[in-house]
Amino acid sequence: MANWIEACSPDDIDAEDVIRFDHGGRTFAVYRSPDDKYYATDGLCTHEKVHLADGLVMDNIIECPKHNGRFDYTNGKAMGAPACVHLRTYAMKIENGKVFIDIG
Amino acid sequence: MAQPALDRRDYGLLGAEAEKAVEAGLKSAEWYHTDLPRKEMKELMKRSDGAAIRDTMIWLGLMIVFAGLAIFLWPSWWAALPLAAYGVLYGSATDSRWHECGHGTAFRTQWMNSVVYQIASFMIMRNPTRWRWSHTRHHTDTLIVGLDPEIAVMRPPALFRVLLGFIGVLDAWDAMKTMVINAWGHVSAEEKTFIPETEWPKVILTARIWLVIYAATIALAVILGSWLPIVLVGLPRLYGAWHHVLTGLMQHGGLADNVLDHRMNSRTVHINPISRFIYWNMNYHVEHHMFPMVPYYALPKLHAMIRHDLPAPTPSIWACYKEMIPAWLRQLRGENYFLVRKLPDSAKPYRPELHGQTPAAAAAAE
Chain D
76 MANWIEACSP DDIDAEDVIR FDHGGRTFAV YRSPDDKYYA TDGLCTHEKV
126 HLADGLVMDN IIECPKHNGR FDYTNGKAMG APACVHLRTY AMKIENGKVF
176 IDIG
Chain X
30 MAQPALDRRD YGLLGAEAEK AVEAGLKSAE WYHTDLPRKE MKELMKRSDG
80 AAIRDTMIWL GLMIVFAGLA IFLWPSWWAA LPLAAYGVLY GSATDSRWHE
130 CGHGTAFRTQ WMNSVVYQIA SFMIMRNPTR WRWSHTRHHT DTLIVGLDPE
180 IAVMRPPALF RVLLGFIGVL DAWDAMKTMV INAWGHVSAE EKTFIPETEW
230 PKVILTARIW LVIYAATIAL AVILGSWLPI VLVGLPRLYG AWHHVLTGLM
280 QHGGLADNVL DHRMNSRTVH INPISRFIYW NMNYHVEHHM FPMVPYYALP
330 KLHAMIRHDL PAPTPSIWAC YKEMIPAWLR QLRGENYFLV RKLPDSAKPY
380 RPELHGQTPA AAAAAE
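See below:
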């Protein structure tokens, strides 16, 4: 069942960047792609639980700041060692000038 | 002040120290970072293919030139001159290429990182899969005894082994032994502590490919009745190793272990431009450990931005060895001694209580 939660305003995130969003004891990473689309994944790297929001966004890739593990944030796919387990992704929508994430 | 006697510690990844480190909360812990605004960090982390392509072309181009000269001059002793340069590019410059491309930070285009990583791994004789995971652990648990598989000088220091490192003998021997064991289809118990099972087949496949390459090189030497193929492939890892050992020992040599602050266990050293090219700026080692996503060409800029929060850089290679060697000798005599990095007044203080030490014990160590 959908559970839409307001995460931020669209302008809170630069294009090709990421921010951290915490809710209900969980942490998420919310991305804005270079073509101004919004995506969300779990906030911690599946390798060693480091906050991805401190990492680097390059095109559709988020790189973990600790060991450079890479994920495709549009689908959560781990792109190679040391990131071997995919990230969970979440649906996003923009409504009334706000970015919402479906945390399920 | 008299130092307490040094306990002989178990640096093995399966030993008692590993358990103690886990119990003390030192495994995969939170490390100190200097605060930097996100915008500035993003600028520093930005990748560009240009600098790395330029440097890689210079590196490989020089290797071809020096190898060509050596072949031309062989078997005259004059061949030793180009071989000396070729050796450093093969047996030392590959250490930093292996390192930077392993992080994936040299090039923006990832396949370029992968290609250079594979080439450099072969020359430096580090199985690319095994060492990727080993280095990942080194960054998670830097200088944590029993957890970090890449501690170059342990306490008490095996100084003869360190000296042999300058000619790569033991490294190459260990690498060859491991290659044969891996090629046989076996991954050691220690390797299994940091390499996930899904990656073991890659370790074994690479070892087999390398074994074939070395066998072919030896076969060519036999067919030609000349040492030259071996002098150009494999042997440079020995006669050209000195520079990467010289610079590599400075990274953490003589400094504190079991602390969660890279300012205390890593060292930044000012070095000459040629060494910086060979070493790809890894002399900015505190900066690299604190922010491993920053590519080598942005490290000088990062250093300038956070130097207020770091110990003063060691001014030269000479100065670095002048402080490391006496520290190692004291450890060799059995003292539990290490070099304490002094932070400037502008820095956020080191907090020993976060690392299982009392402030009084840390002060006594000074």
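The listed protein sequences correspond, in order, to chains D and X.
So the number in my numbering is just where the residue sits in the first sequence, counting from 1, plus 75.
So the number in my numbering is just where the residue sits in the second sequence, counting from 1, plus 29.
Idealized CB from N, CA, C, for every residue including glycine.
Among all the DSSP beta bridges, which residues are the ones paired with residue i?
i                : result
Ala201 (chain X) : In the DSSP output, where bridge partners are listed per residue, Ala201 (chain X) has none listed.
Arg107 (chain D) : D:Asp92 and D:Tyr113
Glu179 (chain X) : None, per the DSSP bridge assignment.
Asp175 (chain D) : Note that residue 175 (chain D) is Phe in the sequence shown here, rather than Asp. Looking at the DSSP assignment, Phe175 (chain D) forms a beta bridge with D:Glu81 and D:Lys168.
Met311 (chain X) : Answer by DSSP bridge pairing: none, since Met311 (chain X) is not bridged.
His98 (chain D)  : D:Arg101
Thr343 (chain X) : X:Val298
Arg145 (chain D) : D:Glu138
Ala114 (chain X) : In the DSSP output, where bridge partners are listed per residue, Ala114 (chain X) has none listed.
Ala158 (chain D) : D:Gly155
Leu119 (chain D) : D:His126
Leu284 (chain X) : X:Leu368
Counting only beta-carbon separations shorter than 7 Å, does residue i have a partner in chain D?
i                : result
His132 (chain X) : yes
Ala31 (chain X)  : Per-residue confidence for Ala31 (chain X) stands at a pLDDT of 46, beneath the threshold of 50, marking its modelled position as unreliable; the derived number appears in the next sentence. Cβ-Cβ to chain D under 7 Å: no for Ala31 (chain X).
Glu395 (chain X) : The pLDDT assigned to Glu395 (chain X) is 47, lower than 50, so where the model puts this residue is not dependable; a value taken from the coordinates is nonetheless given after this. Chain D, which has no Cβ nearer than 7 Å to the Cβ of Glu395 (chain X), makes this no.
Ser57 (chain X)  : yes
Thr63 (chain X)  : no
Thr165 (chain X) : yes
Arg292 (chain X) : no
Arg155 (chain X) : no
Arg161 (chain X) : yes
Could you tell me whether the Cβ of residue i comes closer than 7 Å to any Cβ of chain X?
i                : result
Glu81 (chain D)  : no
Phe140 (chain D) : Residue 140 (chain D) is actually Pro in this sequence, not Phe. Answer yes: the Cβ-Cβ gap between Pro140 (chain D) and chain X drops below 7 Å somewhere.
Asn135 (chain D) : no
Pro85 (chain D)  : no
Asn143 (chain D) : yes
Ala58 (chain D)  : Because chain D spans 76 through 179 in this model, residue 58 (chain D) falls outside it and cannot be assessed.
Ala156 (chain D) : yes
Ala90 (chain D)  : no
Under DSSP, the alpha helix (DSSP H) around residue i begins and ends at which residues?
i                : result
Cys349 (chain X) : Ile346 to Leu361
Arg305 (chain X) : Pro302 to Tyr308
Leu73 (chain X)  : Arg67 to Met74
Asp78 (chain X)  : Asp78 to Leu102
Met154 (chain X) : Unbroken run through Met154 (chain X): none, as it is neither H nor E.
Met334 (chain X) : Leu328 to Ile335
Arg126 (chain X) : Ala122 to His132
Lys221 (chain X) : Ala218 to Lys221
Phe189 (chain X) : Leu188 to Gly194
Ile259 (chain X) : Leu257 to Leu261
Leu275 (chain X) : Trp271 to Gly277
Lys49 (chain X)  : Ala45 to Glu52
Arg266 (chain X) : Pro265 to Tyr268
When you measure from the CB of residue i to every non-hydrogen atom of the ligand GDP, does any distance come out below 6 Å?
i                : result
His215 (chain X) : Although the ligand GDP was asked about, the structure shown includes no ligands whatsoever.
List, in order along the chain, the chain D residues whose C-beta lies closer than 8 Å to that of residue i?
i                : result
Ser150 (chain X) : Those do not exist, as Ser150 (chain X) stays about 13 Å from chain D at its closest Cβ, beyond 8 Å.
For a contact defined as C-beta to C-beta under 9 Å, what are the partners of residue i on chain D?
i                : result
Arg137 (chain X) : Met133
Pro225 (chain X) : Ala156, Pro157 and Cys159
Locate the beta strand (DSSP E) running through residue i, then write down its first and last residues.
i                : result
Glu138 (chain D) : Ile136 to Glu138
Leu253 (chain X) : Where Leu253 (chain X) is concerned, there is no enclosing beta strand (DSSP E), although the alpha helix (DSSP H) it sits in stretches over Trp229 to Leu253.
Val132 (chain D) : Leu131 to Met133
For a quick check, are the C-beta atoms of residue i and residue j less than 7 Å apart?
i                : j                : result
Gly130 (chain D) : Glu123 (chain D) : no
Ser295 (chain X) : His272 (chain X) : no
Tyr119 (chain X) : Gly269 (chain X) : yes
Gly175 (chain X) : Ala47 (chain X)  : yes
Asn142 (chain X) : Ala135 (chain X) : yes
Val105 (chain D) : Ala90 (chain D)  : no
Lys402 (chain X) : Thr158 (chain X) : In the structure as shown, chain X begins at 30 and stops at 395. Residue 402 (chain X) is therefore absent and cannot be evaluated.
Ala114 (chain X) : Met154 (chain X) : no
Arg137 (chain X) : Asp78 (chain X)  : yes
Met311 (chain X) : Met74 (chain X)  : no
List the residues of chain X that residue i touches, going by C-beta distances under 8 Å, in chain order.
i                : result
Glu123 (chain D) : Ser57 and Thr169
Taking residue i as the query, report the chain X residues whose CB atoms sit under 7 Å from its CB, ordered along the chain.
i                : result
Pro109 (chain D) : Per Cβ cutoff of 7 Å: no residues; Pro109 (chain D) is ~13 Å from chain X at best.
Given that residue i touches chain X, what residues does it touch there, using C-beta distances under 9 Å?
i               : result
Gly42 (chain D) : An answer regarding residue 42 (chain D) cannot be provided, because it is not within the stretch 76 to 179 covered by chain D.
Show which residues of chain D have a CB atom less than 7 Å away from the CB atom of residue i.
i                : result
Glu69 (chain X)  : None at all; the shortest Cβ gap to chain D is about 13 Å.
Glu228 (chain X) : Ala156
Could you tell me whether any Cβ in chain B is nearer than 7 Å to the Cβ of residue i?
i                : result
Leu372 (chain X) : In the displayed structure, chain B is absent; the protein chains listed are D and X.
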